[in-house]
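Working notes, beginning with the structure itself.
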Amino acid sequence: MSSLHEQPLRRRGQREADSGTRTANEQQVSVTDTDTDTDKYEHRRETPTSISTQALEAVEQFDFYDRVIALALTFVSLFTRLYQIGKRDIVTWDETHFGKFGAYYVNRTFYHDVHPPLAKMLVGLGEFLSGHNGSFTYASGAVYPEHVNYTFQRGYVAVFGAMTVPLAYRTCRLLGFGKPAATMAASFIVFDNAMCLISRFILLDPPLLCFTAMSLLGYSGFMAQRHRAFEASWWRWLAFTGISLGLVVSSKWTGLFVIALVGLCTIEELLKMFSDSQTPAATQLRHWAARVLCLIVVPIAIYLASFGVHFALLNHRGTGDFKMPSSFQMRQWGNVVGTQPHEVSFGSNVTLRSHLPGFGLLNANGTRRFPDRDREVIAGGVPGKVVNNWWTLVSANRTWENASAPILHVHSGQLVRLAHINTGHFLRTGRSPPYNMGWDRRVFVDGNKTKSDVWDIWRIVVDREESAKSRGKLRAVTTNFRLYNAVSGCLLQATPASFPENVARKFSEVICTDANTTRSEGTLWNIEQVRDTRLKRVALRSAVKRKFLRDFLWINREMAISNNGLTTDPDKYKQAESSPWSWPLLFYPMRMGPWTDDAIKYYEIGNPVLWWASSFCCLVLYPLQLIYWAVQWQRRQISSRWQAGELLRFWDTTKLLWGGWALNYLPFYLMGRVTYLHHYLPALYFALLLLAFEIQCFVHWYMPPRAIWSVAGITILAAAGVFWMFSPLTFGWERPVAELGHLCWLPWWNVVRDQNLF
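Going by my numbering, the residue at position 441 of the sequence shown is 444; the numbering climbs one at a time, nothing skipped.
Here you go:
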């Protein structure tokens with residue numbers, strides 16, 4: 004069989020020399036023509052529909068030499084990732100975050116982070132296997148104590164990064180790369196300094212890259228089985244793809260870009276099948292069902308399961324409890340919400356939590372005032388537990404506000420005042436508009452025990468009772484209620500809008516809305532804590548059954564809010580942070596620690612030759628190829644170097660690799676959050692494979708068949724040479740950086756000194 008990937012075609016000049024008498028019009032042929040010329044480079048043509056099972060087996064074949072090559076590349080990859088990995092015995096860069104998160108799994112204390120839990124649980128597993136007891140806090144710049152085997156922990160994570168290399172080789176072979184091109188592609192992964200360095204610390208990126216590579220491998224294997232539908236091997240590759248997608252999205256949300264890639268390719272395949280009238284409807288339905296099961300249900304199940312394990316492991320009070328709803332907190336061992344009075348009385352001191360994720364607890368602070376002439380003290384929401392969160396439930400006529408008075412339970416429909424303990428003011432609304440939403444009423448605190456107002460009075464309306472007790476009475480944690488102002492009838496509502504930094508830093512606005520928003524979660528409240536010596540403290544842990552789906556949705560929304568809150572710091576820009584436009588050009592490499600002469604210095608910089616060459620392929624060469632072939636296809640004139648069907652096989656490979664690069668890179672332009680150079684690495688993985696494929700195609704079109712080994716060898720040596728040149732900054736440089744001035748290939752690289760020209 005003649006294949007774009009395995010059999011070289013002769014050049015157009017050779018065709019013209021052989022034919023001699025061919026006219027100008029004959030030098031271009033229709034895609035449906037057949038060429039009868041024969042020479043040593045010519046082979047039988049095949050149409051796209053003539054791909055046989057034997058041909059697919061040839062593409063899939065992973066012979067002895069493949070195994071030797073893959074094993075050798077794996078050893079080299081492990082060496083580059085593990086060499087002197089324990090050289091710096093100090094908590095480096097984001098190890099302070101992810102090492103600490105891993106320790107939380109060891110001591111089982113709950114925390115909050117912007118990323119899904121799977122990769123962090125894997126980090127925690129590595130710490131557990133290393134013998135870590137969870138006591139070390141991984142403070143930034145701290146020296147690792149003797150009882151923390153940080154070398155093992157780093158090495159454990161590095162293995163994930165090293166495994167991307169054999170995965171890349173196997174993927175390329177499944178995509179139809181020859182052995183030289185597959186070796187070249189995997190070597191590019193080995194000898195990229197950025198991928199190597201990011202794998203040498205306790206971070207989430209190595210598992211992310213590994214699962215990204217697994218996803219591409221799975222889908223490539225599945226596509227190679229497309230003509231063996233519903234056979235065992237077809238199901239194995241499809242299931243492996245779904246599992247890999249679940250793993251990658253459970254590590255970081257950027258895994259959604261890989262899911263988008265597989266999803267788009269799957270939709271294209273199913274639409275082609277739908278347009279084929281020869282495919283029975285029952286068969287098409289089976290194809291749809293199989294993909295829904297493996298590519299949608301399986302990833303979702305893995306994502307849900309990762310949070311299930313996350314919740315099960317972290318069942319003790321921790322730093323992230325305040326981000327979760329009260330019903331979740333009361334089940335955490337050691338959390339004060341789990342042991343407190345369940346009943347509530349007039350005169351009780353309470354905190355009020357909104358059911359709007361991200362809002363937190365109702366708060367007031369005497370130093371935060373509306374910036375107008377009234378200067379009222381702002382009432383709003385804060386995510387943490389602070390002293391200004393406490394309020395006293397006071398009856399409307401103020402006869403039951405003394406904590407020593409007889410117990411009088413609060414019932415639905417009763418009128419109350421909320422007295423802020425620290426300021427002594429009452430929660431109040433009025434006619435003035437809020438800061439962010441001009442069509443509603445602002446909420447503030449004003450007045451005192453001797454100076455109250457009817458605008459202070461609120462009616463409590465119980466929405467539902469989550470415990471087994473009767474509805475109608477106000478209780479801590481389990482009673483969800485709304486607050487209506489007694490004068491205007493407006494509804495107290497938490498909003499996601501925040502005040503500016505100069506008005507009320509990290510303060511969410513609460514309003515009183517006249518709209519009918521009873522279905523809004525922002526209007527639902529519950530009492531999170533009660534302090535009242537008159538009331539009996541009870542264990543609330545079993546008062547409400549766990550609602551996993553609610554906790555799952557809540558934590559994911561909190562993750563999204565926190566992720567959007569990671570904004571750019573101008574002081575760090577071009578020192579650590581960078582914009583997406585600069586990544587393919589490798590404009591701003593990143594220092595990963597102190598840069599003094601006596602420090603061990605690490606520099607997150609890619610292999611410049613590989614980055615610039617792959618960027619040229621993705622940004623220039625491949626788009627131009629698409630434009631050229633689109634024009635030629637429209638004219639029904641494809642260059643004679645193309646055999647029938649080979650353009651489609653070229654498209655099948657490049658759409659996957661270029662699409663993977665684009666989907667893992669371009670969405671960062673739409674993000675408002677802070678971005679770093681290492682965010683480009685998943686896209687780079689696809690770009691390096693595409694680079695190797697384009698090199699193979701160039702040799703295939705313009706050079707003799709055996710030249711591919713020479714070209715691959717020279718290219719690999721060049722990549723290895725540049726890698727070695729920059730390796731001091733990858734393995735850790737202990738001497739003065741002035742000695743590395745020759746590595747400033749671009750004048751604004753801050754290898755030696757800070758110099759930002761852009």
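Quick reminder that beta carbons are idealized off the backbone N, C-alpha and C, glycines included.
If you're wondering where the values come from, they're calculated on a predicted model, not measured in any experiment.
Under the three-state reduction of DSSP, residue 114 is assigned to coil, being neither helix nor strand.
The residue among 634, 328, 216, 702 with its C-alpha nearest the C-alpha of residue 528 is 328.
Within a 10 Å sphere around the beta-carbon of residue 300 sit fewer than 16 other beta-carbons, which makes this residue exposed. Under DSSP, residue 533 takes part in a beta bridge, and its partners are 353. Between residue 500 and residue 511, the gap from beta carbon to beta carbon is short of 8 Å.
In the three-state DSSP reduction, residue 730 falls in the helix class (H, G or I). Counted as a single uninterrupted DSSP element, the beta strand (DSSP E) harbouring residue 515 occupies residues 511-516.
Judged by DSSP in its simplified three-state form, residue 299 adopts helix.
Counting along the chain, the unbroken alpha helix (DSSP H) around residue 703 starts and ends at 684-705. Within a 10 Å sphere around the beta-carbon of residue 87 sit fewer than 16 other beta-carbons, which makes this residue exposed.
Take the alpha-carbon of residue 387 and the one of residue 432: they are about 24 Å apart. Beta-bridge annotation (DSSP): residue 384 is paired with 365, 511. The alpha carbon of residue 602 has as its nearest neighbour, out of 74, 673, 90, the alpha carbon of 90. Here residue 466 carries a strand assignment [DSSP, helix/strand/coil].
When secondary structure is reduced to three states using DSSP, residue 393 falls in the coil class, being assigned neither helix nor strand. Relative to residue 549, the option among 255, 481, 464 whose CA is nearest is 481. Looking at the DSSP output, residue 454 shares a beta bridge with 451.
Residue 607 places its beta carbon less than 8 Å from that of residue 201.
The alpha-carbon separation between residue 436 and residue 458 amounts to approximately 15 Å.
Under the three-state reduction of DSSP output, residue 82 falls in the helix class. Between the alpha carbons of residue 705 and residue 719 lies a gap of roughly 20 Å. Taken through DSSP and simplified to helix, strand or coil, residue 559 comes out as helix. Counting only runs that start and end inside the stretch 276-352, the beta strand (DSSP E) elements of at least 3 residues fall at 342-344.
About 53 Å separates the Cβ atoms of residue 333 and residue 178, ruling out a contact at the 8 Å cut-off. Within the stretch 601-675, the complete alpha helix (DSSP H) segments of 4 residues or longer fall at 611-619, 625-637, 649-668, listed in chain order. Within the stretch 171-224, the alpha helix (DSSP H) runs of at least 4 residues that lie entirely inside it are, in chain order, 182-193, 196-201. If you draw a 10 Å sphere on the C-beta of residue 309, you find 16 or more other C-beta atoms in it, and that means buried.
For residue 417, the closest of 147, 465, 447, 696 by C-alpha to C-alpha distance is 465. The Cβ-Cβ distance between residue 248 and residue 225 does not fall below 8 Å. Excluding its 5 nearest sequence neighbours in each direction, residue 553 has no C-beta neighbour in its own chain below 7 Å. Measuring C-alpha to C-alpha distances from residue 443 to each of 503, 520, 478 identifies 520 as the nearest. In the DSSP assignment, residue 161 falls within the unbroken alpha helix (DSSP H) covering 153-165. Taking a contact as a CB-CB distance under 8 Å, the pair residue 152 and residue 133 counts as one, their CB atoms being some 4 Å apart. As the crow flies, the alpha-carbon of residue 187 is around 60 Å from that of residue 496. The shortest C-alpha to C-alpha distance from residue 524 to any of 751, 361, 624 is the one to 361.
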